[in-house]
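The next block holds one structure in the form of structure tokens; read it before the comments.
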Amino acid sequence: MGGYQPHYLTTRQQPARGQIHGFRMALWYEHLGMLDDAFQNPQSVECVQKVNKIADKYWDLYSSDSLDRDLPGHLLRYPIAVTNEGVVTELPGMEFFPDTRARVLGAKTDYLPPILTT
Numbered sequence: 001m002g003g004y005q006p007h008y009l010t011t012r013q014q015p016a017r018g019q020i021h022g023f024r025m026a027l028w029y030e031h032l033g034m035l036d037d038a039f040q041n042p043q044s045v046e047c048v049q050k051v052n053k054i055a056d057k058y059w060d061l062y063s064s065d066s067l068d069r070d071l072p073g074h075l076l077r078y079p080i081a082v083t084n085e086g087v088v089t090e091l092p093g094m095e096f097f098p099d100t101r102a103r104v105l106g107a108k109t110d111y112l113p114p115i116l117t118t
């Protein structure tokens, strides 16, 4: 999704701060349960690293043996790893999502036609 507000354009002195910016910040807060100065520049390596760190933390909380409170946010790392050869695997010990029998890597089904699942 893209958005354009001609009266709120980025200049050399100041980034755009219109309603689209406000909406983006609201989405950060909704999904991560927090705001951070790094979110002002979502294209930055700092922002990407910050979001990945938070998503890893939330996954660790979610997948722990004792989840005794609600998660602070709901953007979690997907429990996979990608090898140097490009092979996708589940994280060690994570064949299934916690408290389910749903496979992290999914499974083929004979019940649904491929057009619905690929």
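With UniProt numbering applied, the sequence shown covers 1 to 118. The beta-carbon is built from N, C-alpha and C at its ideal position, and this holds for glycine as well.
For residue i, the residue or residues it bridges with in DSSP
i           : result
Glu90       : Ile80
Phe39       : Answer by DSSP bridge pairing: none, since Phe39 is not bridged.
Phe97       : According to DSSP, which records beta bridges pairwise, Phe97 is partnered with nothing at all.
residue 182 : Residue 182 lies beyond the stretch modelled for the chain, which goes from 1 to 118, so this question has no answer here.
Nearest-angstrom Cα separation, counted from residue j out to residue i
i           : j      : result
Leu105      : Ile80  : 8 Å
Lys108      : Pro114 : 9 Å
residue 120 : Gln13  : Nothing about residue 120 can be reported from this structure: the residues present for the chain run from 1 to 118 only.
Arg69       : Gln19  : 33 Å
Leu67       : Leu61  : 7 Å
Pro98       : Tyr58  : 13 Å
Ala102      : Met34  : 29 Å
Arg17       : Leu32  : 21 Å
Asn84       : Phe96  : 23 Å
Asp37       : Leu112 : 45 Å
Tyr78       : Thr10  : 33 Å
Ser44       : Leu116 : 36 Å
Val88       : Leu76  : 18 Å
Glu46       : Thr100 : 34 Å
Asp56       : Pro72  : 13 Å
Val82       : Asp110 : 27 Å
Top-ranked residue by Cα proximity to residue i, from the options
i     : options                      : result
His74 : Asp99, Gln13, Asn52, Ile20   : Asn52
Pro42 : Pro15, Ser64, Asp65, Gly33   : Pro15
Ile54 : Leu67, Asp65, Tyr29          : Tyr29
Gly93 : Asp110, Leu116, Ser64, Thr83 : Ser64
Gly22 : Lys50, Tyr111, Phe39         : Phe39
DSSP-derived helix/strand/coil call for residue i
i     : result
Phe23 : helix
Cβ-heavy atom distance, residue i to the ligand FMN, below 7 Å
i     : result
Arg69 : Ligands are entirely absent from the displayed structure, and the ligand FMN is therefore not among its contents.
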